[in-house]
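Residue numbers (the working numbering): 133 to 281.
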């Protein structure tokens with residue numbers, strides 16, 4: 133079901149590049165037409181306890197930008213994805229998705245959710261449940277009856 137044309141590659145990126153986004157600052161864009169369930173990227177991830185970020189906030193009394201770029205990891209941990217993983221913008225109806233790869237070399241694996249045309253921005257969903265997002269997306273706003281500007 134999920135294609136990986138180079139199964140021996142530990143980490144890779146292909147068919148994508150960063151660029152200016154109308155969604156938010158930078159975004160990821162397809163450089164070629166990509167089929168459904170195509171593995172775009174396997175990004176290494178640095179895993180740590182969320183308390184590290186909370187302690188930084190308590191010690192310095194200021195928000196740290198990493199708080200916006202962590203992925204929830206199993207076991208109550210969080211991780212900062214390397215590679216392009218933190219550049220994919222959020223969309224409540226994304227054209228890509230990610231999943232965890234555990235083991236000796238943990239990573240985030242990014243796949244196309246449907247066919248994507250060259251030049252299209254590739255967005256993912258930051259959390260499976262919109263209620264867990266640190267902001268309101270269209271799905272959560274609709275669910276709770278709030279109008280977004």
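Backbone N, C-alpha and C fix where the C-beta goes; we use that ideal spot for every residue, glycine too.
All figures in this text were calculated on a predicted structure; none of them were measured in a lab.
Check                                                                                                                                                                 : Outcome
Please list the segments of the beta strand (DSSP E) lying wholly inside the stretch 207-236, counting only runs of 3 or more residues, in order along the chain.     : 209-213 and 228-233
Say whether the stretch 229-239 touches the stretch 155-169, bearing in mind that this needs 3 or more beta-carbon pairs closer than 8 Å, one atom from each stretch. : no
Spell out the partners DSSP gives residue 239 in its beta bridges.                                                                                                    : 176 and 233
Residue 158 lies in the beta strand (DSSP E); which residues open and close that run?                                                                                 : 158-162
Return helix, strand or coil for residue 170, following the three-state DSSP convention.                                                                              : strand
Between the beta-carbon of residue 201 and the beta-carbon of residue 240, is there less than 9 Å?                                                                    : no
Under a three-way DSSP split, which group does residue 184 fall into?                                                                                                 : helix
In terms of alpha-carbon separation, which member of 245, 194, 166 and 249 lies closest to residue 225?                                                               : 245
What are the residues that DSSP puts in a beta bridge with residue 148?                                                                                               : 162
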